[in-house]
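Residue numbers (our numbering): 85 to 526.
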């Protein structure tokens, strides 16, 4: 019998696994996105901190240049080296302008810083103007250089205070930005950890559901197989008992036939016994073959021909049985009908086909394909001219037509080539499948 595979309710399990997998993919993508953001924030912070340190270094360079310029110009004034003083003043102003321009360029886009640097730039220009006035007063001997020096010192103090405030503000911004980036990185890290833990939890849950589903499936399959084995065993036992009962009936008929004095009645008992024997062999094949739904009918058909030819061979006539049988699996009901039909046709040929003949041939054929057919033919006395099986009134032929209709077929009687009778029973494979399906659902 074909192995039974129970239907598995997959929809709920597939839906759970699909949703869990989708969520896992989303969380995995989110985790990668958080990781990317964390890395990008770290890179941005490094670049930004480096920029701030560069701005602070530029501010220190400007301050150092101012101090150096003030010290050098004082020494030139004291030594009276006016040419060197003017040259250095121009050079120092150019250097400070370049460095201050670099500082302004690094602060592009930062309005508050630019405002502070603009204020420092105004103080530096004012200090340079006062420094130049002081030197001019010193050269002309007008004596006004001392007040100018005091104002220059005051402006320098303002410049120093402005730079100190600038540096302090930048350090404060730097610390605030670092703290902000740190907090943001911690949040992203916690989000990464949470999404990772959630993804693992969902994966674990999905795995648990899958394992439980597989376990339940195995248990259901195990129960189904046990139930199937029990049903198969029971069905085999039923076929075995049916076969035994038919054998008992056959034995009773044989016993009763042996007591009959009427030869015709004894022949009828013998024919009935042959039909019962065929059905007994059919049930025996069912429980011994392992397939309780379909059987190899060709084997049964050959056995029917050999058995009937051996038990009902006409007296004084030597018959030969020829077979051309294709392998063909049929359902139980169709096999029973075809077997009874073959028995009826063969008995009819053996009883009426070879009267007065010393030799003869009976041919049994079974052909498979889209259009199945069973052919019983002989080279006996044949049918009368213009014979009509539907109007013949013979019980055997009427029975043959009735049996053929049960399987959606038709028994066609004709004169065989070279003499004799030929009966073709056609039946479609579709009709046998429908018969099988109807039997299973009934």
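Built from N, CA and C at the ideal position, the CB exists for glycine as well. Computed from a predicted structure; not experimentally measured.
- Apart from the 5 residues on each side of it in sequence, residue 466 sits with its Cβ closer than 6 Å to the Cβ of 499, 503, 504 and 505 in its chain, given in chain order.
- The three-state secondary structure of residue 406, taken from DSSP, is strand.
- Of the residues assessed, residue 433 falls on the buried side of the cut-off, its CB having 16 or more other CB atoms within 10 angstroms.
- In the three-state reduction of the DSSP assignment, residue 288 falls in the helix class, which pools H, G and I.
- Nearest to residue 239 by alpha-carbon distance, out of 203, 265 and 267, is 203.
- Within the DSSP secondary-structure output, residue 99 pairs in no beta bridge.
- Taking residue 187 as the centre and dropping the five residues before and after it, the same chain places the C-beta of 139, 142, 143, 146 and 201 closer than 7 Å to its C-beta, in chain order.
- In the DSSP annotation of this structure, the continuous segment of the alpha helix (DSSP H) that includes residue 416 starts and ends at 416 to 436.
- In terms of CA proximity to residue 385, 451 leads the group 495, 451, 441 and 356.
- DSSP, reduced to helix, strand and coil, places residue 451 within a strand of the structure shown.
- Cα atoms of residue 234 and residue 207: separation of roughly 15 Å, rounded to the nearest angstrom.
- Counting the other Cβ atoms within 10 Å of the Cβ of residue 509 gives 16 or more, which makes it buried.
- With contacts defined by Cβ atoms closer than 7 Å, residue 135 and residue 272 do not form a contacting pair.
- At a Cβ-Cβ threshold of 7 Å, residue 378 and residue 321 do not count as neighbours.
- The beta carbons of residue 283 and residue 111 sit about 4 Å from each other, so the pair counts as a contact at 8 Å.
- About 5 Å separates the beta carbons of residue 393 and residue 405, which is inside the 8 Å limit, making them a contact pair.
- Per DSSP, reduced to three states, the secondary structure at residue 145 is helical.
- Using a 10 angstroms sphere on the CB of residue 444, the tally of other CB atoms reaches 16 or more, which defines it as buried.
- The three-state secondary structure of residue 507, taken from DSSP, is strand.
- Assignment of beta-bridge partners to residue 444 by DSSP yields 403.
- Residue 127 carries a helical assignment under DSSP once its states are collapsed to helix, strand and coil.
- Around the Cβ of residue 253, a 10 Å sphere holds fewer than 16 other Cβ atoms; the residue is exposed.
- For residue 495, the uninterrupted beta strand (DSSP E) segment begins and ends at 494 to 499.
- Contact check for residue 462 against residue 437 passes: the beta carbons are separated by less than 7 Å.
- In this structure, 363 is the residue among 407, 103, 363 and 326 with its C-alpha nearest to the C-alpha of residue 417.
- Note: residue 458 is bridge-paired with 450 and 509 in the DSSP secondary-structure output.
- DSSP places residue 387 in no beta strand (DSSP E) but in the uninterrupted alpha helix (DSSP H) bounded by 381 to 395.
- The residue among 196, 197, 181 and 194 with its C-alpha nearest the C-alpha of residue 209 is 181.
- In the assembly as shown, residue 403 is a buried residue. Its beta-carbon has 16 or more other beta-carbons within 10 Å.
- Within the same chain, and ignoring the five residues on either side of residue 212 in sequence, the residues whose Cβ sits closer than 7 Å to its Cβ are 177.
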